[in-house]
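Worksheet for the structure shown next.
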DNA sequence: CTAGGATCCTGTCAGC
DNA sequence: TGCTGACAGGATCCTA
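Here you go:
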């Protein structure tokens, strides 16, 4: 799950709990995604929490930074020392990232990769698959990290012209593949790529090179709009995972127009949303609203002939 | 250089 | 019930 809005939600949500607090001890599970030594972390105070694309950066007062990437199934869960299990208590608990029952179950568990012990509580880094990681870096060298240094601009930092140029350069790639490439544009994952393309009424398989500047601008607008909406609604957190009646759900229900809505009606035109495979990923779209541009142009040519 | 596919890992779900 | 294969909210590595 964790795309830019979820990582931003983690950043904002963790701040009140760990900013200016001391990590008494870090407890990594051996071989499970902690790169560094515990002595680089133990006893250090958190002085800032930043985000670059989908990477979370926790700056420490000893000159080191914890770079955390949640990848597909990572989660960060704060349990205050007075937290009561199963109780949604914003003052004592915070959970965000890949939504799962870990949000409300006892921790650490089998999926816990790293535990950060504070006097005020514990921060758990959980990951169902082992794709996520925590890496200790000198703060001064964060920008040199390969992932960070090659990261593209975030949608709101980018002009439509810039994205259009990238689309031209990768003209034969489906537009969805361009949107998923963090080196070209940072922060979009499978959900927001699909949602942005729905917003712009562009078919995910459209070769990036055939898109007009206007279409690219609309896609960029869609990325900004859908991700901002997700950040505003809290992304995937415990609050959006646990419904008021105590059952669990998915924050996607609140705003997704196409993602995981295959077989349901398009909110715009009523057609049935379809799911296919594009750029190696499950891809959702409305077959009526989102038509491949190339075929659109061909149809127009036929009409005028 | 770009484009496409395999791959890392564990869990879940659909279909026998 | 148990087995099997597909596939998953990400990114990298390898090949052509």
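Residue numbers (our numbering): -7 to 297.
Ideal Cβ positions, reconstructed from N, Cα and C, are used throughout, including at glycine.
Note that the coordinates shown come from a computational prediction; the quantities given were computed from them, not determined experimentally.
Secondary structure of residue i, DSSP reduced to three states
i, result
"residue 111", "coil"
"residue 375", "Missing from the structure shown is residue 375; the chain here goes from -7 to 297 and no further."
"residue 10", "helix"
"residue 56", "strand"
"residue 243", "coil"
"residue 254", "coil"
"residue 88", "strand"
"residue 270", "strand"
"residue 72", "strand"
"residue 51", "strand"
"residue 20", "strand"
"residue 40", "strand"
"residue -3", "helix"
"residue 211", "helix"
"residue 15", "strand"
"residue 33", "coil"
"residue 2", "helix"
"residue 264", "strand"
"residue 202", "helix"
Between the CA atoms of residue j and residue i - distance to the nearest angstrom
i, j, result
"residue 11", "residue 203", "44 Å"
"residue 77", "residue 70", "12 Å"
"residue 253", "residue 49", "33 Å"
"residue 43", "residue 174", "14 Å"
"residue 29", "residue 128", "8 Å"
"residue 251", "residue 258", "11 Å"
"residue 124", "residue 260", "36 Å"
"residue 229", "residue 282", "30 Å"
"residue 105", "residue 205", "45 Å"
"residue 219", "residue 211", "12 Å"
"residue 221", "residue 103", "30 Å"
"residue 179", "residue 98", "31 Å"
"residue 96", "residue 239", "11 Å"
"residue 27", "residue 100", "19 Å"
"residue 156", "residue 169", "14 Å"
"residue 248", "residue 199", "24 Å"
"residue 5", "residue 262", "37 Å"
"residue 335", "residue 242", "The shown model of the chain, from -7 to 297, leaves out residue 335, and the question about it has no answer."
"residue 132", "residue 139", "15 Å"
"residue 9", "residue 197", "43 Å"
"residue 145", "residue 31", "34 Å"
Same chain, Cβ closer than 7 Å to residue i, five either side skipped, listed in chain order
i, result
"residue 201", "159, 160, 163 and 164"
"residue 141", "135"
"residue -6", "46, 62, 66, 89 and 90"
Residues near residue i by beta carbon distance below 8 Å, same chain, minus five either side
i, result
"residue 7", "41"
"residue 231", "80 and 82"
"residue 13", "37, 38, 110, 111 and 112"
Spatial neighbours of residue i in its chain, beta-carbon cut-off 6 Å, leaving aside the 5 residues before and after
i, result
"residue 74", "84"
"residue 223", "-3 and 0"
"residue 115", "70 and 108"
"residue 19", "107"
"residue 256", "265"
"residue 118", "67, 94, 103 and 104"
"residue 316", "No answer is possible for residue 316: the residues shown for the chain start at -7 and end at 297."
Closer than 7 Å: residue i CB and nearest the ligand MN heavy atom
i, result
"residue 218", "No copy of the ligand MN occurs in the structure displayed, which carries no ligand at all."
- Message: Is it the case that the stretch 51 to 60 contacts the stretch 188 to 197, given that we only count it when at least three CB pairs across the two stretches are under 8 Å?
- Response: no
- Query: Whole alpha helix (DSSP H) runs in the stretch 92 to 179 with 4 or more residues, listed along the chain?
  - Reply: 138 to 142, 152 to 161 and 167 to 172
- Message: Within 8 Å, do at least three Cβ pairs link the stretch 88 to 103 to the stretch -6 to 5?
- Response: yes
- Counting Cβ pairs closer than 8 Å, one from the stretch 207 to 218 and one from the stretch 142 to 153, do we hit at least three? yes
- Touching by the beta-carbon criterion (3+ pairs, under 8 Å), the stretch 271 to 283 and the stretch 179 to 186: yes
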